[in-house]
Amino acid sequence: EFNRFEEIEGKGIIADYEGKTYRLGSSSFALNGAVRSGEGTYFTENENEIAVFKIQNKYRDGLEEVLKELSPKQKISVVTGDTEREREVLTQIFPSKTQFHFRQTPEDKLRYIESIQAKDKKALMIGDGLNDAGALKKADIGISVTDNIAHFTPASDVIMEASVFRYLPLFLKFSRWSRHIIIVSFVISFLYNIIGLGFAVSGQLTPLFAAILMPLSSITVVGFSTLAVNFVAKRNDLLKWK
143 EFNRFEEIEG KGIIADYEGK TYRLGSSSFA LNGAVRSGEG TYFTENENEI AVFKIQNKYR
203 DGLEEVLKEL SPKQKISVVT GDTEREREVL TQIFPSKTQF HFRQTPEDKL RYIESIQAKD
263 KKALMIGDGL NDAGALKKAD IGISVTDNIA HFTPASDVIM EASVFRYLPL FLKFSRWSRH
323 IIIVSFVISF LYNIIGLGFA VSGQLTPLFA AILMPLSSIT VVGFSTLAVN FVAKRNDLLK
383 WK
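Residue numbers for the sequence shown, in the working numbering: 143 to 384.
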């Protein structure tokens, strides 16, 4: 029976058993401050290394295509809990101007988002783990990528299935166009009501005609939005991910 069993967020697990302390997590946590160059999950007994579990990262399918679409327009940063060992692989995938930040805790990721926002810039955060939860929630737009949307996912603005991750640039493009369509819809609704109000005040509208115009206003806006969304989607080839 364990005397203590505790999970420390972003670091690992610590347990006391038969007078000995066991730790499972990063090297700095399991070895109580000592940092090893090799990447892996360390299992220690009284700060003595027992085993190291090394995991090879597999990046999302379509990542390179996504970066090609985003890199000319956006400033990209990689904020990860991985060690510097991943730099060699990541530099071959990400654009040359990408900023890399390794060994980042959940708090570090959150502070990085806050530092971007402190410069009056918008931050879009893409993550796929609980360690990203704070940063995803704090970002202006948080996109959580998951292999199964039925499972628990961090709080975010968007939940995207991993199988459609390669369509992220199309999603962002569609979102920008949707914002323009919403603004135009509000303008149409406003003008419609202003013109109708003018006729009503002048006494040129009968109650029956006014009753017909009111739902017609909503139908007009909905019809415009539907046609505009379909037009934009077809024009920008946004329907190919269906």
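Using N, Cα and C, we set each Cβ at its ideal position, and we do this for glycine too.
Inset, instruction - Could you tell me whether the segment 266-284 touches the segment 234-244, using the rule of 3 or more Cβ pairs below 8 Å? - result: The answer is no - the segment 234-244 does not touch the segment 266-284, with fewer than three Cβ pairs under 8 Å.
Legend entry - Val-371 versus Ile-323 - alpha carbon distance: For this step, residue 371 is matched to residue 229 along the sequence shown. For this step, residue 323 is matched to residue 181 along the sequence shown. When rounded, the distance between both Cα atoms is 7 Å.
Inset, instruction - State buried or exposed for Thr-348, treating a residue as buried only when at least 16 other CB atoms are found within 10 Å of its CB. - result: Numbered from 1 along the sequence shown, position 206 holds the residue referred to as residue 348. Flag for Thr-348 reads exposed.
Legend entry - Selected residue, minimal CA-CA separation from Val-374, among Phe-316, Gln-259, Thr-183: The residue you call residue 374 lines up with position 232 of the sequence shown. If you compare the alpha carbons of Phe-316, Gln-259, Thr-183 with that of Val-374, the shortest gap goes to Phe-316.
Inset, instruction - With a 10 Å radius around its C-beta and 16 neighbouring C-beta atoms as the bar for buried, classify Val-165 as buried or exposed. - result: One-based indexing of the sequence shown puts residue 165 at position 23. For the record, residue 165 in the displayed sequence is Arg; it is not Val. Burial call: buried.
Inset, instruction - For Arg-308, collect the residues of the same chain with a Cβ closer than 7 Å to its Cβ; drop the 5 residues on either side in sequence, then sort them by chain order. - result: Counting from 1 along the sequence shown, the entry for residue 308 is found at position 166. Non-local beta-carbon contacts of Arg-308 in its own chain, meaning distances under 7 Å to residues more than five positions away in sequence, involve Asp-203, Gly-204, Glu-207, Val-208 in chain order.
Inset, instruction - Look at Gln-259 and Val-221 and say whether their C-beta atoms are less than 9 Å apart. - result: Position 117 of the sequence shown holds residue 259. Position 79 of the sequence shown holds residue 221. No, the Cβ-Cβ distance between Gln-259 and Val-221 is not below 9 Å.
Legend entry - For Gln-259, the residue or residues it bridges with in DSSP: By one-based count along the sequence shown, residue 259 stands at place 117. Answer is none; Gln-259 lacks a bridge partner.
Legend entry - Leu-333 - containing alpha helix (DSSP H), residue span: Position 191 of the sequence shown holds residue 333. Note, Leu-333: alpha helix (DSSP H), 310-343.
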